[in-house]
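Peer 1:
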Amino acid sequence: MYIMKKYILSALIFAVLLFAACSSIPKVTRVEAASVIDLSGRWNDTDVRMVSTDLINECLNSPRVAQYIQEYISQNNGRLPACLVGSFKNDSSEHIDTSIISKNMEIAIVNSGRLDFVAGGDTREEIRAERQDQQANSSEETASALAYETGASLMLTGSVKAIIDKAGNKTVRSYFVSAELTNITTNRRLWMGENSEIKKEIKQSNYRP
Numbered sequence: 001m002y003i004m005k006k007y008i009l010s011a012l013i014f015a016v017l018l019f020a021a022c023s024s025i026p027k028v029t030r031v032e033a034a035s036v037i038d039l040s041g042r043w044n045d046t047d048v049r050m051v052s053t054d055l056i057n058e059c060l061n062s063p064r065v066a067q068y069i070q071e072y073i074s075q076n077n078g079r080l081p082a083c084l085v086g087s088f089k090n091d092s093s094e095h096i097d098t099s100i101i102s103k104n105m106e107i108a109i110v111n112s113g114r115l116d117f118v119a120g121g122d123t124r125e126e127i128r129a130e131r132q133d134q135q136a137n138s139s140e141e142t143a144s145a146l147a148y149e150t151g152a153s154l155m156l157t158g159s160v161k162a163i164i165d166k167a168g169n170k171t172v173r174s175y176f177v178s179a180e181l182t183n184i185t186t187n188r189r190l191w192m193g194e195n196s197e198i199k200k201e202i203k204q205s206n207y208r209p
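First residue of the sequence shown? That's 1 in UniProt numbering, and the numbers climb one at a time after it.
Structure follows, in structure tokens:
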């Protein structure tokens with residue numbers, strides 16, 4: 001009888017441990033990359049896509065930018081002006097990886113076909129290091145020549161700001177992403193734009209005053 005009780009107790013303990021282990025395994029569901037999923041109400045990938053596409057379209061459709069592109073093409077044998085995407089500063093109190101914004105801006109510029117694009121930042125330094133290394137280690141026929149980079153005519157920079165308004169169990173987060181396109185030669189601003197369409201209301205159901 002004692003052995004039976006001990007066996008049953010061991011079986012129950014094993015079942016409890018097994019249930020606890022199984023219940024701690026997260027359930028993962030694959031979704032479409034373009035799906036809109038808001039869990040916390042904070043800045044997410046959907047916001048990045050919306051803002052990047054909207055701002056680049058607004059920039060390239062600006063009369064001043066369109067005029068600059070047309071004049072540049074006519075003065076340079078049909079060659080498109082080259083654009084460099086600089087830094088996008090995070091001026092909000094929220095952790096936002098602004099490198100994702102910069103990368104989406106780069107993609108939008110390349111896909112537009114309206115501007116040429118040149119690499120900057122860490123990518124540019126990595127390419128320069130490789131080109132320098134080739135001077136000593138690659139054959140003369142295959143080594144990339146120095147001082148043949150395409151210089152950028154324009155630079156796109158910007159920033160992200162957030163305003164948080166909270167009352168009771170409700171929080172409203174408003175995001176403002178600004179961007180500026182600057183002529184590198186003259187330092188003149190060809191275009192400035194801001195996207196302020198990202199606004200989210202978050203309700204906390206377990207709020208206690």
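Using N, Cα and C, we set each Cβ at its ideal position, and we do this for glycine too. All values derive from a computational prediction rather than experimental measurement.
So, are the CB atoms of S52 and A129 less than 7 Å apart?
Peer 2: no
Peer 1: In terms of DSSP beta bridges, what is G158 paired with?
Peer 2: F88 and A179
Peer 1: Hey, how far is the Cα of S99 from the Cα of K89?
Peer 2: 9 Å
Peer 1: Judging by CA-CA distance, which residue of P63, D91 and R188 is the nearest neighbour of Y175?
Peer 2: D91
Peer 1: For the putative contact between I184 and S153, defined by C-beta atoms under 8 Å, what is the C-beta separation to the nearest angstrom?
Peer 2: Between I184 and S153 the beta-carbon gap is near 6 Å, inside 8 Å, which marks them as a contact.
Peer 1: Just list the residues that DSSP pairs A167 with in beta bridges.
Peer 2: K170
Peer 1: Less than 6 Å between C-beta atoms, sequence neighbours within five positions excluded: which residues of the same chain meet that for D54?
Peer 2: N195
Peer 1: For I164, collect the residues of the same chain with a Cβ closer than 6 Å to its Cβ; drop the 5 residues on either side in sequence, then sort them by chain order.
Peer 2: R173
Peer 1: When the Cα atoms are used, what is the spatial distance from N61 to V160?
Peer 2: 22 Å
Peer 1: Looking at I101 and V65, is the spacing between their C-beta atoms short of 7 Å?
Peer 2: no
Peer 1: Buried or exposed for M105, going by 16 or more other Cβ atoms inside 10 Å?
Peer 2: buried
Peer 1: Answer yes or no: do V85 and L190 have a C-beta to C-beta separation smaller than 7 Å?
Peer 2: no
Peer 1: Identify whether I69 lies in helix, strand or coil by the three-state DSSP scheme.
Peer 2: Correct three-state label for I69: helix.
Peer 1: Assign V177 to one of two classes, buried (16 or more other C-beta atoms within 10 Å of its C-beta) or exposed (fewer than that).
Peer 2: buried
Peer 1: How close, in whole Å, do the beta carbons of D122 and A82 come, if the pair is a contact with beta carbons under 8 Å?
Peer 2: Going by Cβ atoms, the distance from D122 to A82 rounds to 19 Å, so no, they are not a contact pair.
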